[in-house]
Amino acid sequence: MKNENGISGRIGLIGLGVMGEPMAVNLLQAGYALTVFNRSAQAAARLEHVGARVVTTIAHVAESSDVVVTMLPDTPDVEQVYFSEDGLLASSRSGMLLIDTTTAAPTMAKRLAEAARQRGIDTLDAPVSGGDVGAKAGTLSIMVGGDEAVYKRALPIFQVIGKNIVYMGPAGAGQVTKACNQIVVALTIEAVGEAFALGEKFGVDLVRVREALLGGFAQSRILDLHGQRALEQRYNPGFRLRLHHKDLGIALSSASEVGVSLPHTAGAREMMNVLLAHGHDNEDHSYLIQYLRNLAQNDSVI
Numbered sequence: 152m153k154n155e156n157g158i159s160g161r162i163g164l165i166g167l168g169v170m171g172e173p174m175a176v177n178l179l180q181a182g183y184a185l186t187v188f189n190r191s192a193q194a195a196a197r198l199e200h201v202g203a204r205v206v207t208t209i210a211h212v213a214e215s216s217d218v219v220v221t222m223l224p225d226t227p228d229v230e231q232v233y234f235s236e237d238g239l240l241a242s243s244r245s246g247m248l249l250i251d252t253t254t255a256a257p258t259m260a261k262r263l264a265e266a267a268r269q270r271g272i273d274t275l276d277a278p279v280s281g282g283d284v285g286a287k288a289g290t291l292s293i294m295v296g297g298d299e300a301v302y303k304r305a306l307p308i309f310q311v312i313g314k315n316i317v318y319m320g321p322a323g324a325g326q327v328t329k330a331c332n333q334i335v336v337a338l339t340i341e342a343v344g345e346a347f348a349l350g351e352k353f354g355v356d357l358v359r360v361r362e363a364l365l366g367g368f369a370q371s372r373i374l375d376l377h378g379q380r381a382l383e384q385r386y387n388p389g390f391r392l393r394l395h396h397k398d399l400g401i402a403l404s405s406a407s408e409v410g411v412s413l414p415h416t417a418g419a420r421e422m423m424n425v426l427l428a429h430g431h432d433n434e435d436h437s438y439l440i441q442y443l444r445n446l447a448q449n450d451s452v453i
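According to the working numbering, numbering within the sequence shown proceeds without interruption in unit steps and concludes at 453.
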C-alpha cells in the first residue's frame, strides 16, 4: 500500500552506524516495513530484534524495497554501495527512489542522479545534521537536493527522521548545503575554544564565561552543548572528529572546484590534522576546544 504521496511502506536502509541505526528505529516505529543491510552484524541484530528484516546483500535490500535510504561514512562508500557490479544502481528497478543521507561530495550526488535517471530511478541527496541526539529524537535537520516533485513524494519519510527539512534545489544542492553547515559548526567550535583559552589563561571561571556568553549575542547551540562538554572534559563522541575532518575536506575540495577561498576552514582542518595525528580520531569534534585550551597552557595536545 502506498501513502497519499505515492510512497510505499517498504523501505530499505543501508548503513547502521551512529546515525543510521536510530534513523532505522524511527522508521520502524512509524510503521514502515524495513529491510536493512549492514557490515556489522551486531547493529543488524539489534534492528532485527525490534522488527526489521535483515538481509546479507545490497541486492536483497533493493529487491525488498521501493525506497532505499543510505547512511554511509564517506564518498568512497557511496561509490561502492551504488556503483559496484552488485550495488544499488544495478539492483534497483525503474520507478524506485534512492535517498542518500551520507555527507559526501556534491559531485558524487550529481553523478549518481544522472546515472540513476538513465535507469528510470529517482534519487535525492539528503545529508543530515543534528548528531546522534537528533537521530534518536527524530529531529534531524535535512538538506535535500534533487527534483522537487520527488522531494515532495519523499517528505513523509523525512518527517519521521527530521524536523527542519529544507528543499535546497537540484541534485548536489543538499550536499553543498551540508558542506556549508560543517564550516559554520567547525569555526564556531574553534571560536568557543579560543574564547575558553583566553578566559582560562587570565584565570576567569569558565563556567561563568559560558553563562555570560549564553546570555548575549555570542550565544549558540555549540556554546551551550559543546561548551558544557568542554567544562566537563567529556569528549565521548556524538560526532567523531575524524568525520568532521572528512567533511571539511569535502568543503575545501568543493571550494577549489569553483575557485572559492576558505582560509579559516583550512585552518580548522589543519588543527584537526594535528589531533588525528595524536590519536584523537574517535573523540567528539568538540575536542578542538580542548586542543586550543592546551595550547594556551603550553600543555601537550595529548
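In this text, a Cβ means the ideal position worked out from N, Cα and C, and glycines have one as well.
How big is the Cα-Cα spacing for Asp225 and Gln310? 24 Å
Residue range of the unbroken beta strand (DSSP E) whose run includes Val187: 184-188
Would you tell me roughly how many angstroms separate the C-alpha atoms of Thr258 and Thr274, rounded to the nearest one? 14 Å
Between Arg161 and Ser215, how many whole angstroms is the CB-CB distance? I'm expecting something under 8 Å. 7 Å
Using DSSP bridges, identify the partner residues of Asn315. Ser292
Cβ neighbour criterion (16 or more within 10 Å) applied to Ser191: exposed
Under 9 Å, do Ala256 and Met294 count as touching if we go by C-beta distance? no
Confirm the yes/no value for this check: CB of Leu164, any heavy atom of the ligand NAD, distance under 8 Å. As presented, the structure is devoid of all ligands, the ligand NAD included, so that no description of it is given.
Report the rounded CA-to-CA distance for Arg268 versus Gly285, giving the unit in angstroms. 31 Å
Of the residues Lys287, Leu248, Gly289, Ala288, the one placed nearest Asp276, counting alpha carbons only: Leu248
Quick one: grab the DSSP three-state call for Gly157. The predicted position of Gly157 is uncertain, since its pLDDT is 49 and thus under 50; no value can be drawn from it.
In this structure, how does DSSP classify Ile250 when only helix, strand and coil are distinguished? strand
Determine, using beta-carbon pairs with one atom in the stretch 313-332 and one in the stretch 345-358, whether at least three such pairs fall under 8 Å. no
Per-residue DSSP class, three states only, for Met152: With a pLDDT of 42 at Met152, under the threshold of 50, the modelled position of this residue cannot be trusted; read the value that follows with caution. In the structure shown, Met152 sits in coil (DSSP, three-state: anything other than H, G, I, E or B).
Between which two residues does the alpha helix (DSSP H) carrying Asp225 extend? First-last for Asp225: undefined, no H or E at that position.
May I ask which residues mark the beginning and end of the beta strand (DSSP E) holding Thr274? 273-276
So, under 8 Å CB-CB, Ile340 and His396 are touching, yes? Tell me the CB distance rounded to an integer number of Å. No, Ile340 and His396 are not in contact; Cβ-Cβ is about 12 Å, not under 8 Å.
Let me know the secondary structure DSSP gives Ile440 once reduced to three states. helix
Does Ala428 pass the burial test, meaning 16 or more other C-beta atoms within 10 Å, or should it be called exposed? exposed
Buried/exposed call for Val343, threshold 16 Cβ in 10 Å: buried
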